[in-house]
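Scroll down for the structure; my scribbles are underneath it.
In my numbering, the protein residues as written are 6 to 683.
Written out as C-alpha cells, the structure reads:
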C-alpha cells in the first residue's frame, strides 16, 4: 500500500469511527447491547459516507459510486467488528453469578454454575484432584484447595480512589476494550483534527504558529503512542490474569505492535520531512535567503534567491512605496508554494511584467506566469514540475496540482505543455527549450535593452564588469590611445551598475564618447581598417533589415534608440567592436594626400550603374541613401551602396573609401555629399 493509499484508508477509518457514534446513539445500540441495532447504525453510516464521497469525487461530473463503495467497505466492516467486540466484552463483564471452569481428564468444561460444580463433586464426576478456575483466580487450582460453596458470592472489589484517565490508562487498570478502543480512537481523532486544522492555515500568515504546531503535533503523536502501547499491554496482562482465554489479550498486544509500527512508518515518511520543512520555516522567518533590490530609477524590482517566508509581504511593501515599478525580475531556484501563490496574486493585482535572466524553478514558475509580459534573457532557464509535499505524490499535493493547472490555463499556456510539465516532479524538473516555451504561450519573448535594465549578460560586481570590458579589443585600445575617454566610459559603467541603469542607456552614453573618437580616427586609419569597418556596417544593416526595416534605417542613420543591438548576432557584434578598435588603433597610419572628388568620379559612376541594375533610378538611389523613401527602400539602397563600394576594383575602392572617411563620419551625410557632387 502506498503512503497516499494508507492516508486515505486512515481518513476513511477515522471518519466512520467518529460519525457512526451518532446513529449508534440514536438507535440505542450500546444502551440495549443490541448487535442488530449496531449493524443498522453502521449500515446507515456506510450509506451516508458513500453518497457524500461519490458526489465529492465528481468535481462537476457524474457521481463516482464504484470508487466510493469500494473505499468504505473495509473501514466500515472493521469499525463494526470493533464495536461488536466491545458489546461482547461489556456483556461478559456485567454482574452475573460466578462461572466456574474445570479440567477433567484433559478436557475443559464450563462455564458452570456453583450448583453444577457441587453436584459434580457429589456424584464423583469431579474429583478433588481435578483443576478448577473462576474470575479472580490468577491460575488454575486443584478442587480440594477451593471452597466452592464459600466462594459463591465473590467479595466486592475494593473501590480505588478516582485518578485521571491518562494515569489509569498508563497503569493498565482500565478494561482492555476501553484501553484499546477508546484510547486509540481519542488519539486518532485528536491528531487528525489538529493536523488538518493546522494544514489549512496559510503558513505565510502564521509561520511560527503552523511550524511549531506541526512539529509539536508529530512529537506528541510519538509520546501518545508510547502512552497508548504501555497502557494496552498492561491492561492485556491484567486481562490474562482474570480470564482463562488469552486470545483477546494476545490480539490486543499484536494489534498494538502493528499500530505502533504503522505510526513509526508514517512518522518516518511524513513526520520527519515535515519536521525538517517546518523547522527550516522557523529559521527562515528571521534569516531570509532572498534579496530584493530596486533598479532603473525605481521602475524595476529585482528578486533573487529562494522564495522563503515573508518574500511576498516584502515585495508588496516595496510596490506600495514605489508605485512606478512596472517589471519584476524573478531568479529563484526553489521556494514555498504558498509564497509563490501570494506573489502571483500581487503581480496580477499590480499588472507587472515578469523577467527571468538566470533560473526560475519550482514555485517561481507560477509567479513568472502571472506577468503581463513574460520575458527571458537568452541564457535563462525555466524548470517545471508538479508541486511536491512531505510525501511524494501524496493526495495532499493533488489540490496544489489542480490549482496550478487551472492557473496556467488561465494565463494562456497550452494544455499539452502543462500536462507534460506536471508529469514530472520538481525534483526531476523538465527544462523546456526556449522554442517550446515560446510556442506554449508561457513566455512572451526575449527581453530587449529597452524592456529591462539587465537584458544582456548580468554583471554581478563592478570589478568583474571592468575586467570583462578590458577583455574587449575596443576598450583595450582606448586604454592605450585615449585613457581619459576610457575612464569616462568606466565611470558610466560604475554609476549605471550601482543605479541599475538600463544597458541600452549605458551603451548610448558610452558610444556618445566613442563616436567622436571614431570620427577623428577614421580619416587617417589604414585601408584595411576602413575596408573592414564599412563591410561590417553593411552586414549589420543587412541583418537588421531581415528582421525589421525600421530598425535597419535607424541603425544607418545613427539613431541608437531606434534599434536593439540584441537583434544582431553576437559574433557580428564582436567583429564590430574589433573593427572599431582597429580604426582607432591605426589612426595616423595614412600619410597620403586628401582624396578629391574628381579622383572618385569613376568609382561613383560604377555605383550608380550597379544601383540601376538592381532596379533603382539615379534619383531613387540618391533619395534612398538620403533616407527620403520608405524605410525598406532606404535600407535597401544604403546597403547596396555599401556592398557595391566593397566590390570596386583597386585603386578605385581605396580612393572612394578614403574619400568617404575624410568627408564625414556619418554615412548619410557622406552619401548626400557624394551623390549631389556626382
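Note that CB positions come from ideal geometry on N, CA and C, so glycine has one too.
- By the CB criterion at 7 Å, residue 556 and residue 600 fall outside the cutoff.
- Where residue 31 is concerned, the enclosing alpha helix (DSSP H) starts and stops at 26-31.
- Relative to residue 554, the option among 118, 638, 244, 343 whose CA is nearest is 638.
- Between residue 338 and residue 366, the C-beta spacing is below 7 Å.
- Its chain contains 18 as the residues whose beta carbon lies nearer than 7 Å to that of residue 83, once the 5 sequence neighbours on both sides are disregarded; these appear in chain order.
- Counting along the chain, the unbroken alpha helix (DSSP H) around residue 441 starts and ends at 439-445.
- If the five residues before and after residue 196 are omitted, its C-beta is found closer than 6 Å to the C-beta atoms of 226, all from its own chain and listed in chain order.
- Per DSSP, the unbroken beta strand (DSSP E) holding residue 333 starts and ends at 332-336.
- In the three-state DSSP reduction, residue 306 falls in the strand class (E or B).
- For residue 361, DSSP records a beta bridge to 381.
- For residue 343, the number of other beta carbons within 10 angstroms of its own is at least 16, and it is reported as buried.
- The beta carbon of residue 352 sits closer than 7 Å to those of 333, 359, 372, 375, 376, all from its chain and outside the five residues before and after it, given in chain order.
- In this structure, the alpha-carbon of residue 442 lies about 13 Å from that of residue 413.
- Bounds of the alpha helix (DSSP H) holding residue 342 are 342-354.
- The C-alpha of residue 449 lies about 6 Å from the C-alpha of residue 378.
- With contacts defined by Cβ atoms closer than 7 Å, residue 69 and residue 54 do not form a contacting pair.
- For residue 108, the enclosing beta strand (DSSP E) begins and ends at 105-109.
- Looking at 517, 519, 217, 581, the one whose alpha-carbon comes closest to that of residue 284 is 217.
- Residues 223 of the same chain have their beta carbon placed closer than 6 Å to that of residue 276, with the five preceding and five following residues left out of the count.
- The region 178-198 and the region 131-145 do not touch, with fewer than 3 CB-CB distances between them shorter than 8 Å.
- Check the Cα spacing between residue 536 and each of 525, 322, 593, 655: the tightest is with 655.
- The bridge partners DSSP lists for residue 430 are 391.
- Residue 640 and residue 336 have their C-alpha atoms some 39 Å from each other.
- Under DSSP, residue 138 shares a beta bridge with 106.
- Going by beta carbons, residue 530 and residue 592 fall inside the 7 Å limit.
- Here the region 536-553 makes contact with the region 569-585; the two share three or more CB pairs at distances below 8 Å.
- The three-state secondary structure of residue 498, taken from DSSP, is helix.
- When DSSP states are grouped into helix, strand and coil, residue 197 belongs to the helix group.
- Judged by DSSP in its simplified three-state form, residue 294 adopts coil rather than helix or strand.
- Counting only runs that start and end inside the region 552-587, the alpha helix (DSSP H) elements of at least 4 residues fall at 554-562.
- Taking residue 175 as the centre and dropping the five residues before and after it, the same chain places the C-beta of 232, 235, 236 closer than 7 Å to its C-beta, in chain order.
- When DSSP reads this structure, residue 230 sits in no beta bridge, so it has no partner.
- DSSP lists 364 as the bridge partner or partners of residue 386.
- Ranked by Cα distance from residue 76, the first of 85, 51, 294, 90 is 51.
- At least 7 Å separates the beta-carbon of residue 357 from that of residue 370.
- Counting along the chain, no beta strand (DSSP E) covers residue 169, and no H or E run does either.
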